[in-house]
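S.K.: Can you read through this structure? Questions will come right after.
2 protein chains.
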Amino acid sequence: MGWDYMLLTPEAIPAYVAGTPRLAGLVDPATLQVREVGDGNLNLVFVCRDADGRGICLKQSLPYVRLVGESWPLTPHRATAEARGYDAAAEWAPEFIPAWYGFDPDRFILAMENLDHETIWRTALNEGLMHPGVEDDMGRYVARLAFYTSVFNLEQKELKGRIAASVNPELCEITENLVFTEPYLDHDHNSWRPGVEPAVMELRHDERHVAEVNSLKVQFMTAAEALIHGDLHTGSVMVEMDGDRGHGKAIDSEFCFYGPVGFDLGALFGNYLAAMARAAARGRPADFTGWVGGLVSGTWAAFEDEMRRLWPERSHRFLNDLYFEDWLLKMLRDGAGFGGCKAIRRIIGLAKVSDIETLDGDAHVAAATAVLRTGSRWIKERHGFTSSSDLEEIARDVIGVEVG
Amino acid sequence: MGWDYMLLTPEAIPAYVAGTPRLAGLVDPATLQVREVGDGNLNLVFVCRDADGRGICLKQSLPYVRLVGESWPLTPHRATAEARGYDAAAEWAPEFIPAWYGFDPDRFILAMENLDHETIWRTALNEGLMHPGVEDDMGRYVARLAFYTSVFNLEQKELKGRIAASVNPELCEITENLVFTEPYLDHDHNSWRPGVEPAVMELRHDERHVAEVNSLKVQFMTAAEALIHGDLHTGSVMVEMDGDRGHGKAIDSEFCFYGPVGFDLGALFGNYLAAMARAAARGRPADFTGWVGGLVSGTWAAFEDEMRRLWPERSHRFLNDLYFEDWLLKMLRDGAGFGGCKAIRRIIGLAKVSDIETLDGDAHVAAATAVLRTGSRWIKERHGFTSSSDLEEIARDVIGVEVG
Chain P
38 MGWDYMLLTP
48 EAIPAYVAGT
58 PRLAGLVDPA
68 TLQVREVGDG
78 NLNLVFVCRD
88 ADGRGICLKQ
98 SLPYVRLVGE
108 SWPLTPHRAT
118 AEARGYDAAA
128 EWAPEFIPAW
138 YGFDPDRFIL
148 AMENLDHETI
158 WRTALNEGLM
168 HPGVEDDMGR
178 YVARLAFYTS
188 VFNLEQKELK
198 GRIAASVNPE
208 LCEITENLVF
218 TEPYLDHDHN
228 SWRPGVEPAV
238 MELRHDERHV
248 AEVNSLKVQF
258 MTAAEALIHG
268 DLHTGSVMVE
278 MDGDRGHGKA
288 IDSEFCFYGP
298 VGFDLGALFG
308 NYLAAMARAA
318 ARGRPADFTG
328 WVGGLVSGTW
338 AAFEDEMRRL
348 WPERSHRFLN
358 DLYFEDWLLK
368 MLRDGAGFGG
378 CKAIRRIIGL
388 AKVSDIETLD
398 GDAHVAAATA
408 VLRTGSRWIK
418 ERHGFTSSSD
428 LEEIARDVIG
438 VEVG
Chain X
38 MGWDYMLLTP
48 EAIPAYVAGT
58 PRLAGLVDPA
68 TLQVREVGDG
78 NLNLVFVCRD
88 ADGRGICLKQ
98 SLPYVRLVGE
108 SWPLTPHRAT
118 AEARGYDAAA
128 EWAPEFIPAW
138 YGFDPDRFIL
148 AMENLDHETI
158 WRTALNEGLM
168 HPGVEDDMGR
178 YVARLAFYTS
188 VFNLEQKELK
198 GRIAASVNPE
208 LCEITENLVF
218 TEPYLDHDHN
228 SWRPGVEPAV
238 MELRHDERHV
248 AEVNSLKVQF
258 MTAAEALIHG
268 DLHTGSVMVE
278 MDGDRGHGKA
288 IDSEFCFYGP
298 VGFDLGALFG
308 NYLAAMARAA
318 ARGRPADFTG
328 WVGGLVSGTW
338 AAFEDEMRRL
348 WPERSHRFLN
358 DLYFEDWLLK
368 MLRDGAGFGG
378 CKAIRRIIGL
388 AKVSDIETLD
398 GDAHVAAATA
408 VLRTGSRWIK
418 ERHGFTSSSD
428 LEEIARDVIG
438 VEVG
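Heads up: the protein sequence lines correspond to chains P and X, in order.
Mind the numbering: the first sequence is residues 38 to 441 in the numbering used here, read in order.
Mind the numbering: the second sequence is residues 38 to 441 in the numbering used here, read in order.
Written as structure tokens, this is what we have:
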């Protein structure tokens, strides 16, 4: 299917803003300075600022993915999914996303707050920079979506309508392949350095591990629990400090659909694991490694706290408190399972994480091996987990042995 | 919303058949004898037979439910869902449904094989009539839909498209309310005879029981595993004998949607439980009670056998055999949980079952109590079940104590 819509250019943006009523009041088109900042692989991204310092960010989907050449077309409707994610978050979790200025469905253009003064969380973590509080923000962000977009809050027919409207097969298929399948097959997308081979082979030949990943994959494909972000790794979070407290905002929600809540928790947990392994490999100071080592519990505690705060407001009064305790436990275990899958694919498959990739030699091998072994233990042992510290203890033990 | 479509009458049917090309060859409109057989609560049902003895059955949805007065409007689009169920079964499980002659979406008319010589299974069970083999047929019917309409067989985008197209909120809401919610609330739909009161109160005040029912309800609302029948009780199965072997055909699939496979198994299990309690109360002969007491295992064994036969054909090769064993165990436990819910609601809530309702006095109280207590144990103990005999042993024990 061919796509025919006009791509934005820096020169065309003042007129586009002036001609779009919901945007015209936010910045002065007459004095707008525009800078293209995206890498242009998936999307065009423009940072715009007027003479008064007021800003706006425009993001437009390209109808293909440049990462693997223009031969991989990808529906620009992923911007429709991303807008759906922002719409929901703007209603129910506005403090945890950029200010949201809406969507142009004809040209697949999203408009939002300019965050060019902020940092991508992964970059900050890689540099050893602390933003304490971001882990709390992200736990609350997941909780808000989990509560407000689910049966806990929505009337049944609205819920069913949203589930049907939010199917996002093309983007979900990328996740299904990259996270749950390709790491366990011989596939062009996979690669690892020679020293990591033993840990990769361990996973592949572990039938119990593969069976659990199968189960998590089918759960990802069939459990329409709530609208989830769908790709909530540390590269999808923008951070900044406000005094002693860090703040985080989730971006890039194009993978959003009705799926398992634990998948968003797991994206965070799995990427925290990579950050932990890197911090150990880099020999970061104790305050940093201590903070990074507690990110899983920080996010979990905030998620749980926010859910407990919202629970009494549920519209579905029949759901009792004991059910809620069971539900929380399931979310923890799902988060551990999906977290393991997310961590592992970032070591073996396409789209590796810089946390581990930028380590050299033995340090890389040790960190990558620790992530794989921890991820597998999270997946296989999750049914017995009762606390977020269960995840952290395994990570600490394995990283200590491998990296220490 | 008002509905404006022409309802069928016996007089109008020959012309309707003659004017509908896919039907015209099946019977001779010129000699067609038409008899209205439905109770007219939900649907008009016409049995038609020509001079050569060839038959056809037409079923048309009414735009309301007469059961509780015409004040309860119900979308005639439930016929669209029913047709979707027949379409899928005609492709993948044709021997377990009536021959299917298609759907008229403008007038909500379904055309199928005339089964007026067959018996409703519940009626046969109530009368103590054996149709050995029907339980096997129904297990295979559930397995075929579970396999062919799920990720096991369908390509991902087709699966996602079918999930979205099959949402059936109005009918699902009836199930959600009647099966999972109303039995535990003070509601006009509920009633029971005085002697049953203690067992009803036990359930209602058992927080663990209610929490498990909550969990099953949310699973029913969110787990889009496969296209399921959605209302597969013994009143939705037509039976006949062929020599020593009974055969069953599933009808009335208007509740069909993408949901948990265990819900169809559970509908059978829960209604088998009612039949077991009745057989004990009536003091049926040992061959009958033995057969009825083994229906759960009969259906389960056929389901499992059919799934094992189909499993090697899965298109999703990545799913390994250990995953499949886990999946089977989950289906058994889900079947037990949903079966408990289905059995209980048939005692407490709207639409009670004749199996138990037509018992009198102490026999009614004992049978109803046994169904409630067995159902609750299935629900609460299911996480430890490893075999279908676990369900049957509990049922035998409880029925023995209550009814024996």
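Every residue gets a Cβ at the ideal spot worked out from N, C-alpha and C, and that includes glycine.
Treat the numbers as computed from the prediction; the structure is a model and nothing was measured.
Is DSSP giving D124(X) helix, strand or coil here?
M.R.: Your numbering for residue 124(X) matches position 87 in the second sequence. Reduced to three states, the DSSP call for D124(X) is helix.
S.K.: Do we get a CB-CB distance below 9 Å when we pair F300(P) with the residues of chain X?
M.R.: By 1-based counting over the first sequence, the position of residue 300(P) is 263. Chain X contact via Cβ: absent.
S.K.: For W40(P), which three-state DSSP category applies?
M.R.: Working through the first sequence from its first residue, we reach residue 40(P) at position 3. Correct three-state label for W40(P): coil.
S.K.: Could you give the DSSP three-state label for I381(P): helix, strand or coil?
M.R.: If you number the first sequence from 1, residue 381(P) lands on position 344. I381(P) falls in the helix class under three-state DSSP.
S.K.: So, is the C-beta of W348(X) closer than 9 Å to a C-beta in chain P?
M.R.: Locating residue 348(X) in the second sequence gives position 311, counting from the first residue. Not an interface residue.
S.K.: Mind listing the chain X neighbours of R419(P)? Cutoff is C-beta to C-beta under 8 Å, in chain order.
M.R.: For the purposes of this step, residue 419(P) is taken as residue 382 along the first sequence, with counting starting at 1. Within chain X, no residue comes near R419(P); the closest Cβ sits about 14 Å away, beyond 8 Å.
S.K.: Give the residues from the stretch 223-250 of chain X that approach chain P closer than 9 Å (Cβ to any Cβ), ordered along the chain.
M.R.: Cβ contacts with chain P come from E244, R245, V247, A248, E249, V250.
S.K.: Are the C-beta atoms of M38(P) and some chain X residue less than 9 Å apart?
M.R.: Mapped onto the first sequence, residue 38(P) falls at position 1. Because M38(P) carries a pLDDT of 48, less than 50, the predicted location of this residue cannot be relied on, and the following value inherits that uncertainty. No, because no Cβ of chain X sits closer than 9 Å to the Cβ of M38(P).
S.K.: Please report the Cβ distance between F306(P) and V333(P), rounded to the nearest whole angstrom; I am assuming they are in contact, meaning their Cβ atoms lie under 8 Å.
M.R.: For the purposes of this step, residue 306(P) is taken as residue 269 along the first sequence, with counting starting at 1. For the purposes of this step, residue 333(P) is taken as residue 296 along the first sequence, with counting starting at 1. So it is a contact: roughly 5 Å between Cβ atoms.
S.K.: For the candidate residues R282(P), L409(P), D427(P), F145(P), whose alpha-carbon lies nearest to that of H246(P)?
M.R.: Translated into the one-based positions of the first sequence, residue 246(P) becomes position 209. Looking at the Cα atoms, L409(P) is the closest of the given residues.
S.K.: Bridge partners of R86(P), per DSSP?
M.R.: Locating residue 86(P) in the first sequence gives position 49, counting from the first residue. BP columns for R86(P) point to Q70(P), G92(P).
S.K.: Spatial neighbours of E277(X) within its chain, please: C-beta separation below 8 Å, excluding the five flanking residues on both sides.
M.R.: If you number the second sequence from 1, residue 277(X) lands on position 240. H154, E155, T156, H168, G283, H284.
S.K.: Can you list, in chain order, the residues of its chain with a C-beta nearer than 8 Å to that of N227(X)? Leave out the 5 residues immediately preceding and following it.
M.R.: Your numbering for residue 227(X) matches position 190 in the second sequence. Within the same chain, N227(X) has close Cβ partners E219, P220, I385, G386, L387.
S.K.: Closer than 8 Å: is that where the CB of R419(X) sits relative to any heavy atom of the ligand HEM?
M.R.: With respect to small molecules bound, the structure shown includes none, and the ligand HEM cannot be examined in it.
S.K.: Going along chain P in order, which residues have a C-beta closer than 7 Å to the C-beta of A201(X)?
M.R.: On the second sequence, position 164 is the one that residue 201(X) refers to. Correct list: A201, V204.
S.K.: Note down, in chain order, each residue of its chain lying with its Cβ closer than 8 Å to the Cβ of H420(X), except the 5 sequence neighbours on either side.
M.R.: Taking the first residue of the second sequence as position 1, residue 420(X) is located at position 383. Only R370 meet the Cβ criterion.
S.K.: Taking the DSSP output, what are the residues bridged to Q97(X)?
M.R.: Start at 1 with the first residue of the second sequence, and residue 97(X) comes out as number 60. Q97(X) pairs with L81(X), I146(X).
S.K.: With a threshold of 6 Å on Cβ separation, who are the neighbours of M38(X) within its own chain once the five nearest residues in sequence on each side are excluded?
M.R.: Stepping through the second sequence from its first residue, residue 38(X) is reached at position 1. Residue placement at M38(X) is flagged as unreliable, the pLDDT there being 49, under the threshold of 50; a coordinate-derived value is accordingly withheld.
S.K.: Go ahead and pull the three-state DSSP assignment for F294(P).
M.R.: The sequence position of residue 294(P) within the first sequence is 257, counting from 1. Strand at F294(P).
S.K.: From T112(X), P51(X), A432(X), L95(X), pick the residue whose C-alpha is nearest to that of D41(X); which is it?
M.R.: What you label residue 41(X) is simply residue 4 of the second sequence in a count that begins at 1. The residue with the shortest Cα to Cα distance from D41(X) is T112(X).
S.K.: Thinking C-beta only, is E439(P) closer than 9 Å to I431(P)?
M.R.: Taking the first sequence and counting its residues from 1, the one referred to as residue 431(P) is at position 394. Taking the first sequence and counting its residues from 1, the one referred to as residue 439(P) is at position 402. Cβ atoms of I431(P) and E439(P): not closer than 9 Å.
S.K.: Using a Cβ-Cβ cutoff of 8 Å, what residues of the stretch 363-379 of chain X are near chain P? List them in chain order.
M.R.: Those would be D363, W364, in chain order.
S.K.: Need the endpoints of the beta strand (DSSP E) that Y221(X) sits in, please.
M.R.: Against the second sequence, residue 221(X) aligns to sequence position 184. Unbroken run through Y221(X): none, as it is neither H nor E.
S.K.: Give the DSSP bridge partners of E277(X), in chain order.
M.R.: Taking the second sequence and counting its residues from 1, one reaches residue 277(X) at position 240. H284(X).
S.K.: Kindly confirm or deny that the stretch 251-271 of chain X and the stretch 179-188 of chain X touch, where touching means at least three C-beta pairs closer than 8 Å.
M.R.: Taking 8 Å as the limit for Cβ pairs, the verdict is that the stretch 179-188 of chain X does touch the stretch 251-271 of chain X.
S.K.: Quick check on the burial criterion: 16 or more other C-beta atoms within 10 angstroms. Buried or exposed for H242(X)?
M.R.: In the second sequence, the residue the question calls residue 242(X) occupies position 205. Exposed, by the Cβ-count rule.
S.K.: What span of residues does the beta strand (DSSP E) with I200(X) cover, start to end?
M.R.: For the purposes of this step, residue 200(X) is identified with residue 163 of the second sequence, where counting begins at 1. Unbroken run through I200(X) is the alpha helix (DSSP H), 193-202; no beta strand (DSSP E).
S.K.: Does the structure place the stretch 43-54 of chain P close enough to the stretch 94-103 of chain P that three or more beta carbon pairs sit under 8 Å?
M.R.: As far as the Cβ criterion goes, the stretch 94-103 of chain P touches the stretch 43-54 of chain P, which means the pair count is three or higher.
S.K.: Is the separation between the beta-carbon of L269(P) and that of M368(P) shorter than 9 Å?
M.R.: Taking the first sequence and counting its residues from 1, the one referred to as residue 269(P) is at position 232. Taking the first sequence and counting its residues from 1, the one referred to as residue 368(P) is at position 331. No, the Cβ-Cβ distance between L269(P) and M368(P) is not below 9 Å.
S.K.: Checking contacts by CB at 9 Å: is K254(X) closer than that to chain B?
M.R.: In the structure shown, chain B cannot be found, because the protein chains are P and X.
S.K.: Name the chain X residues whose beta carbon is nearer than 7 Å to that of L356(P)?
M.R.: Position 319 of the first sequence, counted from the start, is the residue given in the question as residue 356(P). Simply N251.
S.K.: Which residues in chain P sit within 9 Å of E439(X), going by Cβ to Cβ distance?
M.R.: Residue numbering aside, residue 439(X) sits at position 402 when the second sequence is read from its first letter. The contacting residues do not exist; E439(X) stays about 27 Å from chain P at best.
S.K.: How would you list, in chain order, the residues of chain P whose beta-carbon sits under 9 Å from the beta-carbon of L63(X)?
M.R.: In the second sequence, the residue the question calls residue 63(X) occupies position 26. By Cβ distance, chain P contributes nothing, its closest Cβ being about 35 Å from L63(X), past 9 Å.
S.K.: Mind pulling the chain X residues with CB within less than 8 Å of E210(P)?
M.R.: Here residue 210(P) is taken as the residue at index 173 of the first sequence, counted from 1. Those are Q193, K194, listed as they occur along chain X.
S.K.: Using Cβ-Cβ distances below 7 Å, what residues of the stretch 160-176 of chain X are close to chain P?
M.R.: Residues passing the 7 Å Cβ filter: none.
S.K.: Quick one: what's got a C-beta closer than 6 Å to G412(X)'s C-beta in the same chain, skipping five residues either side?
M.R.: Locating residue 412(X) in the second sequence gives position 375, where the first residue counts as 1. Excluding sequence neighbours, G412(X) sits near G377, A380, I381.
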